[in-house]
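Q: Got a structure for you, written out below as structure tokens; questions coming shortly.
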Amino acid sequence: MKPRRSAKFILALFFVALLFVPFVLQRRDTRHAAAQGAISSATALARYGFYFDEVSKQAGINFIHEAPTLDPRLDAIMPEVASMGASVSIVDFDRDGWPDLYVTNSAIGSRNHLYRNMHDGTFQDVAEKMGVADVNRAGTGVSMGAVWGDYDNDGYEDMFLIKWGKPELFHNDHGHGFTQVGDEAGLPPWINANTAVWFDYDGDGKLDLFVGGYYPENVNLWKLDNTRMMPESFEYAKNGGRKYLFHNLGNGKFEEVSQKVGITSRRWALAAAAADLRGTGRQDLFIANDYGVSELFLNDGGRFHEAGQQTGVGAAPKSGMNAAFGDIFDQGKYSIYVSNISEEGVLIQGNNLWVPDESAPKGSLRYTNMARDMGVELGGWSFGAQFGDLNNDGNLDLYLVNGYVSLDRSKSYWYDFTKIAGGNSTIIDDAKNWPAMKGRSLSGYQQKKVWLNDGEGKFEDVARAVGVADTHDGRSVAMADLWNRGVLDVVVANQRGPLLVYKNHVKPGNRWIEFALEGTRSNRSAIGAEVTVYWNGKQQIQQVSGGSGFAAQNDRRLHFGLGPDAQIDKAVIRWPSGTKQVVHDLAPDKLYHILEAK
Amino acid sequence: MSQTLSAEGVGQGNSSAGWKRFLSPENRYLSPILITAILLAGQLSYGILESFARTLLAIVTSIVAELVLSKIFYGRWPHLASAYISGISVGILIRSPAFWPYALCALISITSKYLFRVNGRHIWNPSNFGISAMLVLASATVAGLSIQWGNFLWPMIVIWALGSAIIWRLHRFHICATYVVSFMGFAFLRSWMTGSPWQSEIAPITGPMYQLFVFFMITDPKTTVKAKWAQCVVVFAVAGVEMVLRLHQAVYAPFYALFLVGPLALLLETYLASRQRRAYAMAA
Chain A
1 MKPRRSAKFI LALFFVALLF VPFVLQRRDT RHAAAQGAIS SATALARYGF
51 YFDEVSKQAG INFIHEAPTL DPRLDAIMPE VASMGASVSI VDFDRDGWPD
101 LYVTNSAIGS RNHLYRNMHD GTFQDVAEKM GVADVNRAGT GVSMGAVWGD
151 YDNDGYEDMF LIKWGKPELF HNDHGHGFTQ VGDEAGLPPW INANTAVWFD
201 YDGDGKLDLF VGGYYPENVN LWKLDNTRMM PESFEYAKNG GRKYLFHNLG
251 NGKFEEVSQK VGITSRRWAL AAAAADLRGT GRQDLFIAND YGVSELFLND
301 GGRFHEAGQQ TGVGAAPKSG MNAAFGDIFD QGKYSIYVSN ISEEGVLIQG
351 NNLWVPDESA PKGSLRYTNM ARDMGVELGG WSFGAQFGDL NNDGNLDLYL
401 VNGYVSLDRS KSYWYDFTKI AGGNSTIIDD AKNWPAMKGR SLSGYQQKKV
451 WLNDGEGKFE DVARAVGVAD THDGRSVAMA DLWNRGVLDV VVANQRGPLL
501 VYKNHVKPGN RWIEFALEGT RSNRSAIGAE VTVYWNGKQQ IQQVSGGSGF
551 AAQNDRRLHF GLGPDAQIDK AVIRWPSGTK QVVHDLAPDK LYHILEAK
Chain B
1 MSQTLSAEGV GQGNSSAGWK RFLSPENRYL SPILITAILL AGQLSYGILE
51 SFARTLLAIV TSIVAELVLS KIFYGRWPHL ASAYISGISV GILIRSPAFW
101 PYALCALISI TSKYLFRVNG RHIWNPSNFG ISAMLVLASA TVAGLSIQWG
151 NFLWPMIVIW ALGSAIIWRL HRFHICATYV VSFMGFAFLR SWMTGSPWQS
201 EIAPITGPMY QLFVFFMITD PKTTVKAKWA QCVVVFAVAG VEMVLRLHQA
251 VYAPFYALFL VGPLALLLET YLASRQRRAY AMAA
């Protein structure tokens, strides 16, 4: 039977229409993106309620990150292997009420910087004076990040220095200097880590420390035994570094208990964060792994069980590089943001926004990935991200940095990368099999994302419109109200690039409230304490974090935007000790210092 | 005893004949069974799919499109093995966090089959057409499967061995073998030309994308030429074009190479056949 000519014609039309579908969808997205081009600060303020000024130079910060130079046998792919180490953590190390910045460097002999907030819009590097600058000495490895927590409850934040190398713990001597105490504390001689989190996993009032290995701990990247140190698979690798959970014994010593409590994994951890996801009063541990699925270790009280598959967050293997929690719907529940890789025409993993599934049976925890629906899926080669209310409208926004290796703009390494990434483990795990980069870029020069939450289930990228136009290789992002103005400023650490300080200007009229918590029965840093603010019929939960994002830590003070005409009903504080504290008579536009009720 | 022996003998004969029938080119369920086995093994052991739902969407779309178009154009309900393979290939071989590319790719694949026909034969492998179209037209949302399933060598060896055995029974092993040998030869040539480690040049063929490409795309009976020697020449040409595309850094070179070479080969075969028919007719 011969098809009729008219039917064939209609089929041809239908076929052409099908081919046009991606074009139409892409055109719609492009038009949308074009609407987000650079605009004046006044327009940004009127349209979005805020804009940023990059003020690092005015603030006296002139920091350029130096990447490590590893074993010469890795020379061909050095830019890719040595692609991490830029980090920023925010801490008030001298307890003067103004957030300071700690920034890591990663070349042997390079100095880390501790920028003390001078209260006048500037910062001064005091790292040398405080004894936390010269920490990248030959033979000890180099810095990858830092997390702060008061492990001995003396009121001053101590620092754990994350390294590819000898991990270091620095005791804060009452804001006057730091003493290296890693050996006395019982830390192992070498970990190749990119993430660590302070949290009190057993609720004993003392901060414990999780450290997630990336490369195996027996690999010295400066003196390789052999070149078989790469992941055995692009999405199923389990030959990475081990995990450590250092239980704080309270006498300046820590006991490594990861095996004992059930945290056994050799996936390639890049980002970890802890939060009480089930309302049990105990913090659970989320790990975003490179080359594989994320892991969620639920805290059963002294022991953990891995529930990534069961909760949905560990179903699809990707390249996890960030873990951040945020109550994006103002419903008193955390969503989790995990960044991955998306490169047009090559690899579309898409970032994950894991939103608690309301339809899950009572008592069970289940997440759905809403990144696509909410507009925060495609962020290039994404790294660090943090939630924060950037325009004080009462909804948590999302700031994402990205860009992997920016070298020759006109030449891409992607083709060679996909060739080797698809290879069997016997090929991919040996660095000598990887094609040379030869100065080519790999997802370089990418535009950052500032996703504004409209409160109705959509995020809109307004980065360029609000003054974020840099295209450095972003790694770590942290937020704080740097100058006590009631707005969240943003600090970005870039690999082989400058430290950027984005000063936020928010439209007057949107109100805010901040909390600085101090534990008494709980750890003094109050890490793990949760504050739920109830206002205008809404509620939002935030927690004090011992590290989140990628190699980053936000200020411990919690900042809530409230929008205009804010009537605050109360704030409920749940401390890690289990103490619940309800605070009434709160006025907006104030910072409240709250001591845990004894 | 003899009856028993005889019965056993008959039984063995039936069983053997059954297997032979099952593993024969006439069994149109063999390829669907093989690709389903690969899918299930990969998904259950490593979770290879973006999601079951997406793959299912591609399969259902493909089958529905085949049913509708066959009924409209030929007035009959079609055998669904081919549509099933197209759908499942799309479901495995494209990767996208969105759902729509799976449905669209399946629709494009099946529609192309009914649109581009010469002398009653469709000239593009449907899923090859659909996947190539999506990789070019929807690159912002769609990528191809370009990673390993798992970390181990043995699953790869099992799939290659099992696939080869079945393809052998289907009398198409020479196509796969020619392609693999050609690919390897060109890989070493590329390594010599570009200075890349030879391991990186052969790395892609160790991945599942190539397993599916070799067993299910280049061997598709409907879109390959008839003569055995010509089939070998065509896949050699596919590997050659792929080599050129790879030198120009095309990530999805095998799909594009088949897209270009496959129809040309069929058109050439059709032309030569018609010329031969004319010559016979004139001679007669």
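Here the protein sequences come in this chain order: A and B.
One point on numbering: in UniProt numbering, the residue at position 82 of the first sequence is 82, and numbering is uninterrupted.
One point on numbering: in UniProt numbering, the residue at position 207 of the second sequence is 207, and numbering is uninterrupted.
Where a beta carbon is used, it is the ideal one built from N, C-alpha and C, also for glycine.
Taking the straight line between their C-alpha atoms, what separation do you get for Asp416/A and Ala469/A?
A: Using only the alpha carbons, I get a separation of about 29 Å.
Q: Is there a C-beta anywhere in chain A that falls below 7 Å from the one on Tyr46/B?
A: Yes, contact with chain A.
Q: Could you round the C-beta distance between Asp173/A and Gly528/A to whole angstroms and report it? I think they count as a contact, below 8 Å.
A: At roughly 25 Å, the Cβ-Cβ gap does not stay under 8 Å, so Asp173/A and Gly528/A are not in contact.
Q: Please list the segments of the beta strand (DSSP E) lying wholly inside the region 201–237 of chain A, counting only runs of 3 or more residues, in order along the chain.
A: DSSP runs (the beta strand (DSSP E)) wholly in the region 201–237 of chain A: 208–215.
Q: Contact between the region 448–461 of chain A and the region 367–375 of chain A is defined here as three or more beta-carbon pairs at a separation below 8 Å; is this criterion met?
A: Contact holds: three or more Cβ-Cβ distances are below 8 Å.
Q: Does Arg228/A have its Cβ less than 7 Å from a Cβ in chain B?
A: Arg228/A does not count as touching chain B.
Q: If you measure between the beta carbons of Arg521/A and Ser577/A, is that distance less than 7 Å?
A: Against a cut-off of 7 Å, the Cβ pair of Ser577/A and Arg521/A comes out as a contact.
Q: In whole angstroms, give me the CA-to-CA distance for Met243/B and Ala493/A.
A: Using only the alpha carbons, I get a separation of about 41 Å.
Q: With DSSP run on the structure shown, which of helix, strand or coil describes Ser6/B?
A: At Ser6/B, the pLDDT of 32 sits below 50, so the modelled position is not reliable; the number obtained from the coordinates is stated separately. Helix, per DSSP.
Q: For Lys318/A, count neighbouring C-beta atoms within 10 Å of its own C-beta (all shown protein chains included) and say buried if the count is 16 or more, exposed if not.
A: Result: buried.
Q: Residue 621/A versus chain B: which residues are under 8 Å apart at the beta carbon?
A: The question about residue 621/A has no answer, for chain A in this structure spans 1 to 598.
Q: Of all the options Tyr271/B, Thr55/B, Tyr84/B, which has the alpha carbon lying nearest to the alpha carbon of Tyr29/B?
A: With distances taken between Cα atoms, Tyr29/B lies closest to Tyr84/B.
Q: Can you pull out the residues from the region 393–418 of chain A whose beta carbon lies closer than 9 Å to at least one beta carbon of chain B?
A: Flagged, chain order: Ser412, Trp414, Tyr415, Asp416, Thr418.
Q: With a cut-off of 7 Å, does the C-beta of Arg27/A fall near any C-beta of chain E?
A: Absent from the structure is chain E; the protein chains it does hold are A and B.
Q: Would Val544/A be called buried (16 or more neighbouring beta carbons within 10 Å of its own) or exposed?
A: Buried is the call here.
Q: Considering just the uninterrupted stretch of the beta strand (DSSP E) at Tyr592/A, what are its terminal residues?
A: From DSSP, the beta strand (DSSP E) with Tyr592/A extends over 590–595.
Q: Of all the options Leu442/A, Val477/A, Phe15/A, Gly241/A, which has the alpha carbon lying nearest to the alpha carbon of Ala86/A?
A: For the residues Leu442/A, Val477/A, Phe15/A, Gly241/A, the minimum Cα distance to Ala86/A belongs to Val477/A.
Q: Would a C-beta distance cut-off of 7 Å place Leu586/A and Ile568/A closer than the cut-off?
A: Yes, the pair counts as a contact, with Cβ atoms nearer than the cut-off.
Q: Could you give the first and the last residue of the continuous beta strand (DSSP E) run that contains Arg475/A?
A: First-last of the beta strand (DSSP E) with Arg475/A: 473–480.
Q: Tell me the residue span of the alpha helix (DSSP H) that contains residue 635/A.
A: Outside the shown range of chain A (1 to 598) lies residue 635/A, about which nothing can therefore be said.
Q: Inspect the beta-carbon positions of His505/A and Tyr48/A and report whether they are closer than 7 Å.
A: Result no, Cβ atoms of His505/A and Tyr48/A do not sit closer than 7 Å.
Q: Thinking just about the alpha-carbon of each residue, which of Trp190/A, Asp134/A, Asp100/A, Arg111/A is nearest to the one in Pro157/A?
A: This sequence places Glu at residue 157/A; Pro is not what is there. Cα-wise, what sits closest to Glu157/A is Asp100/A.
Q: Any idea what DSSP makes of Ala237/B, helix, strand or coil?
A: Correct three-state label for Ala237/B: helix.
Q: If Asp330/A and Gln539/A are in contact, beta carbons under 8 Å, what's the gap, nearest whole angstrom?
A: Sure, about 6 Å apart at Cβ, within 8 Å.
Q: At a CB-CB cut-off below 9 Å, which residues of chain A make contact with Ala156/B?
A: Per the sequence shown, the amino acid found at residue 156/B is Met instead of Ala. Residues of chain A passing the Cβ test: Asn424.
Q: Take Ile63/B and list the residues in its own chain whose beta-carbon comes closer than 7 Å to its own, dropping the five residues that flank it on each side.
A: Closer than 7 Å at the Cβ level, and outside the excluded window around Ile63/B, lie Leu80, Ala83, Tyr84, Gly87.
Q: Which same chain residues end up closer than 7 Å to Thr579/A when comparing Cβ atoms and leaving out the 5 residues on each side of it in sequence?
A: Taken in chain order, the residues that qualify are Arg521, Glu596, Ala597.
Q: Roughly how many angstroms lie between the CA atoms of Phe129/B and Ala106/B, to the nearest whole one?
A: Those two C-alpha atoms are separated by around 10 Å.
Q: If we count Cβ pairs, one from each stretch, closer than 8 Å, do we get three or more for the region 97–111 of chain B versus the region 50–64 of chain B?
A: Contact between the region 97–111 of chain B and the region 50–64 of chain B is present, because at least three Cβ pairs lie under 8 Å.
Q: Against Leu19/A, what residues of chain B qualify as contacts under a CB-to-CB distance less than 8 Å, listed in chain order?
A: Ordered by position in chain B, the residues that pass the 8 Å Cβ test against Leu19/A are Ile108, Ala133, Leu137.
Q: So Tyr502/A and Val490/A are in contact, right, with Cβ under 8 Å, and what is the actual spacing, rounded?
A: Correct: roughly 4 Å between the Cβ atoms.
Q: Measuring straight from C-alpha to C-alpha, what distance separates Ile110/B and Ser127/B?
A: Distance between the alpha carbons of Ile110/B and Ser127/B is about 8 Å.
Q: Just how far apart, CA to CA, sit Lys590/A and Met118/A?
A: Distance between the alpha carbons of Lys590/A and Met118/A is about 21 Å.
Q: Please tell me whether Pro254/B has its Cβ less than 7 Å away from any Cβ of chain A.
A: No, because no Cβ of chain A sits closer than 7 Å to the Cβ of Pro254/B.
Q: Among the residues of its own chain, which have a CB less than 6 Å from the CB of Leu482/A, if the five just before and after it don't count?
A: Result list for Leu482/A: Pro99, Asp489, in chain order.
Q: Would you tell me roughly how many angstroms separate the C-alpha atoms of Phe325/A and Val233/B, rounded to the nearest one?
A: Answer to the nearest angstrom: the Cα atoms are 57 Å apart.
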